[in-house]
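Take a look at the structure set out below.
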Amino acid sequence: MLHNEEVVLALRDLRKNYGAKPVLQGIDLTVTRGQIIGYIGPNGAGKSTTIKLLLGLEENYQGEIQIFGQTLKSGDYEYKRKIGYVPEIAELYDNLTAIEYLTFTGELYGMDPEKAEIKAKKLMRAFGLDNVFYSRISSFSKGMKQKVMIISSLLHDPELLFLDEPLSGLDANSVMIFKEILSQLAASGKTIFYSSHIMDVVEKISSRIILLNGGKIVADGSFEQLKEQSAEGSLEQIFNQLTGFDEFRDLAGEFVSIVREV
Ligand SMILES: Nc1ncnc2c1ncn2[C@@H]1O[C@H](COP(=O)(O)OP(=O)(O)OP(=O)(O)O)[C@@H](O)[C@H]1O
-2 MLHNEEVVLA LRDLRKNYGA KPVLQGIDLT VTRGQIIGYI GPNGAGKSTT IKLLLGLEEN
58 YQGEIQIFGQ TLKSGDYEYK RKIGYVPEIA ELYDNLTAIE YLTFTGELYG MDPEKAEIKA
118 KKLMRAFGLD NVFYSRISSF SKGMKQKVMI ISSLLHDPEL LFLDEPLSGL DANSVMIFKE
178 ILSQLAASGK TIFYSSHIMD VVEKISSRII LLNGGKIVAD GSFEQLKEQS AEGSLEQIFN
238 QLTGFDEFRD LAGEFVSIVR EV
């Protein structure tokens, strides 16, 4: 399909330091329309930092970021109307009702409030939240809050979606629905940047997997391509091999023996 060739995101030698500490050490990446990128790596690898730079939430970087063909400049907000984001840690306005919150975020993305409310209700209904339109978010379970976050990221029909550990708290049925939503969105030409530690889900949904380690890309390809390059079978095993991690039993044993000390 033609739309697969359209470049949505391009990073050129992206570097970011926090103080003296290099966190991103030269990321080169071109993402085309309709791809689901599984962006994975150990804790502290730089995944959230990358996403924050792309969203303009962090500045002072070296290199170049292009989104929708435009080089990102500070103070540039227009491109954000075409972006949806589910952050790793949800900071919802707990005192608002779900509908108040969703209408408010819809308005921030430039939607008419009435249209935002009607659409939010439809999406809540479709996600099993029909009875809590007017309940305060503070009364919601973790999974219900996560569903509200997912709806708020999609309400304005974004072209590019950033998901940072989006499944947290979702039950097994909701995970199945959400995985299907992602593949249908990608099939309709949306681009998805998916960061998670749940390897079996990443393995199944991603059209391309990018493994970051110590601020550098150490693997880039479809799951089948990564499997060909590796002696290992599952993405979890490939991850452990490429990040040089083979001592989980020893570490667990040490941990348990310390726990059992009196
Ligand atoms: N605001 C900050 N100030 C200083 N250091 C930071 C800041 N944000 C992130 N870091 C450091 O940058 C490194 C990368 O962090 P980042 O959150 O991008 O990792 P991650 O790959 O998303 O990890 P995780 O899987 O744990 O979410 C870490 O060493 C972290 O301590």
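Counting in our numbering, the sequence shown runs from -2 upward without gaps.
All C-beta atoms in this analysis are idealised placements derived from N, C-alpha and C, irrespective of residue type, glycine included.
These numbers come from a predicted model, not from an experiment.
Alpha carbon of residue i to alpha carbon of residue j, nearest angstrom
i      : j      : result
Val145 : Leu99  : 8 Å
Leu158 : Ile148 : 12 Å
Glu162 : Ser150 : 13 Å
Glu88  : Ser204 : 30 Å
Val256 : Phe245 : 16 Å
Leu280 : Pro19  : Within the shown structure, residues of the chain are numbered from -2 to 259, placing residue 280 beyond reach of any answer.
Glu177 : Glu251 : 40 Å
Ile33  : Arg133 : 33 Å
Asp73  : Ile80  : 13 Å
Ala17  : Ser71  : 22 Å
Val28  : Gly107 : 26 Å
Ile206 : Ser171 : 23 Å
Ser193 : Gln238 : 18 Å
Leu208 : Asp91  : 35 Å
Ser135 : Asn128 : 15 Å
Glu97  : Gly241 : 47 Å
Asn14  : Glu233 : 28 Å
Tyr76  : Gly66  : 10 Å
Counterpart residues of residue i in DSSP-defined beta bridges
i      : result
Ile37  : Leu208
Phe159 : Tyr82, Phe190
Ile64  : Leu6, Gln67
Val28  : Leu6
Tyr76  : Tyr76 is not bridged to any residue.
Gly218 : Ile206
Pro19  : Asn14
Arg133 : Thr94
Ala59  : First, the amino acid is wrong: residue 59 is Gln here, not Ala. Note: Gln59 sits in a beta bridge opposite Arg12.
Lys213 : Asn210
Cβ-Cβ separation, residue j to residue i (assumed contact under 8 Å), whole Å
i      : j      : result
Ile62  : Leu105 : Going by Cβ atoms, the distance from Ile62 to Leu105 rounds to 22 Å, so no, they are not a contact pair.
Gly23  : Lys213 : 7 Å
Leu152 : Lys116 : 6 Å
Gly140 : Leu167 : 5 Å
Run of the alpha helix (DSSP H) containing residue i, from where it starts to where it stops
i      : result
Thr100 : 95 to 105
Leu52  : From DSSP, Leu52 is part of no alpha helix (DSSP H); its letter is neither H nor E.
Asp247 : 245 to 256
Asn128 : No alpha helix (DSSP H) holds Asn128; DSSP gives it neither H nor E.
Leu179 : 169 to 184
Ala117 : 110 to 123
Val145 : 139 to 151
Ile195 : Element bounds for Ile195: n/a, residue is neither H nor E.
Phe236 : 232 to 239
With 16 other Cβ atoms within 10 Å as the buried cut-off, status of residue i
i       : result
Asn57   : exposed
Tyr36   : buried
Val259  : exposed
Val198  : buried
Thr46   : buried
Asn40   : exposed
Leu(-1) : Reliability of the predicted coordinates at Leu(-1) is poor, the pLDDT of 47 falling under 50, and the value obtained from them is presented with this limitation in mind. Its Cβ having fewer than 16 others within 10 Å, Leu(-1) is exposed.
Pro155  : buried
Ile64   : buried
Leu54   : exposed
Gly230  : exposed
Glu2    : exposed
Gln268  : Lying outside -2 to 259, the shown extent of the chain, residue 268 is not represented and no answer is given.
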